[in-house]
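Let me begin by presenting the structure, written as structure tokens, before commenting on it.
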Amino acid sequence: MANLEAKGKMSPWQLGIVITSALLTARLLPATTYIVISSEQFLWLSSALAGLLFYSAAYLIILLGQQFPNETIGEYLPRLVGKKFGAVVFLIFITVQLINIINCLIAITTLYSIFLFDQTPRAVLIIVLLLAVIYCTMQEWGTILRVIQILVLALPMLYGFYSLIWINFETLNLLPLWPDNFSGILQGVAYHTEYYPGYESLLVLLPLAARGKVSFARTVGWGFLLVTIMYIIGGIVLIGAISAKTVSNVSYPVVFAMKSVEIPGTFIERLEDHMVTLFLPVTYISMMLSYYVIGEGCRKYLNYNDHRPFIPLFLPLIFFVCAFTNTPDRLEVLRNFSMFIGLFFSFVIIPLLLILAWRKKGNIEQC
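Shown next as structure tokens:
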């Protein structure tokens, strides 16, 4: 039996918790607006379809990992597709992780600069949060795992605050119940790359998980199911509380909906500030995980003994991109690029790698 106390190892259920906690970030707050512009009051249906779609991508990654049970993507790529193509694919993988960090940083620092620290320049918030992420990422995986298991406790508290929006729920806002714009719903599914980030980390994390009676597909699947149910219920209550028309015309509809909540007979005010605060720990998990995956992936790819030298390497690039995307036009370009490269990596590159691995299965031990 695997020694789960050993440094750098985790159980299948811990892997499921890690991936689940990486999915829910502050990226969903601005993304909700343009998803609803496409899917209208059927945000919940678009989220349900997206959950199935992105879990299928995670499942393909798990299948790929089963072909190389003790190796990360950086180790088997050169043998699978050659050094040149392997370098290109690995660079795309690192880009996907970097984009997740950048989008999370932009989302959470913009949110905080608007609602909590309106007198603080966003660049200062970016630097402070980046330093906090780097400090934790410089630790061993065992320490990072414990930090994730502590911070994930913010998830139920966050959803508890969000559930207060039910107070303003009106069923009429959900009508009509039958969609007449299926193309818009499908377009909204594509935009859900902002709702389901971070599962690509499996390409590096799978070798760190001990294999047992419970499959990785099951534990990760339960995580996707939980998050998808949260998104479905959250979409229903958001549209029911403030209507699809309102959601499509405000930048942060979730915060806008929370502002309108009043609890009778209490002195509690500014509930949205509490909810905004709770988005920091859950977003921090996703950033920290992506940063660790970058460092560990580069370590394996270049045969280094430690992931730490690669952590500060990407700091200037991340800060520059975050500081540069300070206009709506630049944010839209980054959003579209993020969606394209995320979908391309998950639904083009990963299936092709899996097909190649299956074709070489007869020589998989040498592959």
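At position 177 of the sequence shown (counting the first as 1) the number is 238 in my numbering, and the numbers step up by one without a gap.
The beta carbon of each residue, even a glycine, is placed where N, CA and C say it ideally should be.
Between which two residues does the alpha helix (DSSP H) containing I80 stretch? The residue labelled residue 80 in the question sits at position 19 within the sequence shown. First-last of the alpha helix (DSSP H) with I80: 73 to 84.
For L332, collect the residues of the same chain with a Cβ closer than 6 Å to its Cβ; drop the 5 residues on either side in sequence, then sort them by chain order. Along the sequence shown, one-based indexing puts residue 332 at 271. Excluding residues within five positions, the ones whose Cβ falls inside 6 Å are M319, V322.
Going by C-alpha to C-alpha distance, which of V79, T94, K422, G135 sits closest to N364? As a working note, residue 364 is residue 303 in the sequence shown. Taking only the C-alpha atoms, the option nearest N364 is G135.
Using the DSSP secondary-structure output, state which residues sit across from A270 in a beta bridge. Locating residue 270 in the sequence shown gives position 209, where the first residue counts as 1. Note: A270 sits in a beta bridge opposite M71.
Cβ neighbour criterion (16 or more within 10 Å) applied to S351: On the sequence shown, position 290 is the one that residue 351 refers to. Buried is the call here.
If you reduce the DSSP assignment to three classes, tell me which class T386 lands in. For the purposes of this step, residue 386 is identified with residue 325 of the sequence shown, where counting begins at 1. Residue state, collapsed to three classes: coil.
According to the neighbour-count rule (16 or more other Cβ atoms, all chains shown, within 10 Å of its Cβ), is L192 buried or exposed? What you label residue 192 is simply residue 131 of the sequence shown in a count that begins at 1. By the 10 Å Cβ count, L192 comes out exposed.
When L267, G296, I188, L138 are compared against S72, the one with the closest alpha-carbon: Residue numbering aside, residue 72 sits at position 11 when the sequence shown is read from its first letter. Closest by alpha carbon: L267.
Inter-residue Cα distance where the pair is V142 and T181: Numbered from its first residue, the sequence shown carries residue 142 at position 81. Numbered from its first residue, the sequence shown carries residue 181 at position 120. Taking the straight line joining both Cα atoms gives about 48 Å.
Evaluate contact between the region 193 to 204 and the region 383 to 395, counting only Cβ atoms and requiring at least three cross-stretch pairs below 8 Å. no
For R360, count neighbouring Cβ atoms within 10 angstroms of its own Cβ and tell me buried if that reaches 16, exposed if not. Reading the sequence shown from its first residue, position 299 is the one you call residue 360. By the neighbour-count rule (16 or more Cβ atoms within 10 Å), R360 is buried.
Have a look at E426 and F129 and give me their C-alpha separation to the nearest angstrom. Counted from its first residue, the sequence shown places residue 426 at position 365. Counted from its first residue, the sequence shown places residue 129 at position 68. Residue placement at E426 is poorly supported in this model, since its pLDDT is 41, which falls under 50; the coordinates still yield a value, given next. So the two alpha carbons sit approximately 9 Å from each other.
Please state if the CB of R279 and the CB of N164 are separated by a distance shorter than 8 Å. Translated into the one-based positions of the sequence shown, residue 164 becomes position 103. Translated into the one-based positions of the sequence shown, residue 279 becomes position 218. Contact flag unset, no.
So the candidates are F385, Y345, E132; which of them puts its Cα closest to the Cα of L190? Walking along the sequence shown from the start, residue 190 turns up at place 129. The residue with the shortest Cα to Cα distance from L190 is Y345.
Within 10 angstroms of the Cβ of L341, are there 16 or more other Cβ atoms? Answer buried if so, exposed if not. As a working mapping, residue 341 is identified with position 280 in the sequence shown. Looking at its Cβ environment, which holds 16 or more other Cβ atoms inside 10 Å, L341 is buried.
So the candidates are L414, V382, L413; which of them puts its Cα closest to the Cα of S399? Here residue 399 is taken as the residue at index 338 of the sequence shown, counted from 1. Cα-wise, what sits closest to S399 is V382.
Below 6 Å CB to CB, which residues in the same chain sit around A305 once its five sequence neighbours on both sides are set aside? The sequence position of residue 305 within the sequence shown is 244, counting from 1. If we look at A305 and ignore the five residues flanking it on each side, its Cβ neighbours are V97, E101, Q102.
Run of the alpha helix (DSSP H) containing G143, from where it starts to where it stops: The residue you call residue 143 lines up with position 82 of the sequence shown. Per DSSP, G143 belongs to no alpha helix (DSSP H) and is neither H nor E.
On the three-pair Cβ rule with 8 Å, is the region 165 to 181 touching the region 79 to 93? yes
What number of angstroms, rounded off, separates the C-alpha of R272 from the C-alpha of S82? As a position in the sequence shown, residue 272 is number 211, starting the count at 1. As a position in the sequence shown, residue 82 is number 21, starting the count at 1. Distance between the alpha carbons of R272 and S82 is about 21 Å.
Should N161 go down as buried or exposed, given a rule of 16 or more other Cβ atoms within 10 Å for buried? On the sequence shown, position 100 is the one that residue 161 refers to. Its Cβ being crowded by 16 or more others within 10 Å, N161 is buried.
Please classify T156: does DSSP put it in a helix, a strand, or coil? Numbered from 1 along the sequence shown, position 95 holds the residue referred to as residue 156. In this structure, T156 counts as helix in the three-state DSSP scheme.
Who are the near neighbours of P240 in its chain, counting only those whose CB is closer than 7 Å to its CB and skipping five residues on each side? For the purposes of this step, residue 240 is taken as the residue at position 179 of the sequence shown. Within the same chain, P240 has close Cβ partners F103, L106, I246.
Opening and closing residue of the alpha helix (DSSP H) in which Q210 lies: On the sequence shown, position 149 is the one that residue 210 refers to. From DSSP, the alpha helix (DSSP H) with Q210 extends over 202 to 212.
Between Y235 and T94, what straight-line distance do the alpha-carbon atoms span, to the nearest angstrom? Locating residue 235 in the sequence shown gives position 174, where the first residue counts as 1. Locating residue 94 in the sequence shown gives position 33, where the first residue counts as 1. Going by the sequence as given, residue 235 is Leu instead of Tyr. Near 16 Å, if we compare the C-alpha coordinates of T94 and L235.
As a quick exercise: from L152, L159, E132, pick the residue whose alpha carbon is nearest that of F375. On the sequence shown, residue 375 is found 314 positions in, with the first residue counted as 1. The shortest Cα separation from F375 among L152, L159, E132 belongs to L159.
Same chain, Cβ closer than 6 Å to S407, five either side skipped, listed in chain order: Within the sequence shown, numbered from 1, the residue matching residue 407 stands at position 346. A118, listed in sequence order.
Unbroken alpha helix (DSSP H) run spanning V354, endpoints: By one-based count along the sequence shown, residue 354 stands at place 293. Per DSSP, V354 belongs to the alpha helix (DSSP H) from 332 to 363.
6 Å CB neighbourhood of M62 in its chain, flanking five on each side removed: On the sequence shown, residue 62 is found 1 positions in, with the first residue counted as 1. In this predicted model, M62 has a pLDDT of only 40, less than 50, meaning its place in the structure is not dependable enough to derive any value.
State the DSSP-derived secondary structure class of E426, mapped to helix, strand or coil. Here residue 426 refers to the residue found at position 365 of the sequence shown. No answer about E426 holds up, because its pLDDT of 41 lies below 50 and its placement is not dependable.
Distance, P373 Cα to K422 Cα: As a position in the sequence shown, residue 422 is number 361, starting the count at 1. As a position in the sequence shown, residue 373 is number 312, starting the count at 1. One C-alpha to the other measures close to 38 Å.
Sort L413, I402, L417 by Cα distance to L152 and report the nearest one. Taking the first residue of the sequence shown as 1, we reach residue 152 at position 91. The shortest C-alpha separation from L152 is found at I402.
Should A109 and I303 be called a contact, given that it needs their Cβ atoms to be closer than 8 Å? Residue 109 sits at position 48 when you count from the first residue of the sequence shown. Residue 303 sits at position 242 when you count from the first residue of the sequence shown. Contact flag unset, no.
Spatial distance of I167 from F380 (CA atoms): Here residue 167 corresponds to residue number 106 of the sequence shown, with the count starting at 1. Here residue 380 corresponds to residue number 319 of the sequence shown, with the count starting at 1. Distance between the alpha carbons of I167 and F380 is about 10 Å.
Looking at L216: is its Cβ nearer than 8 Å to the Cβ of L414? Locating residue 216 in the sequence shown gives position 155, counting from the first residue. Locating residue 414 in the sequence shown gives position 353, counting from the first residue. Going by C-beta atoms, L216 is not nearer than 8 Å to L414.
Grouping DSSP H, G and I as helix and E and B as strand, with all else coil, what is P217? Taking the first residue of the sequence shown as 1, we reach residue 217 at position 156. Reduced to three states, the DSSP call for P217 is helix.
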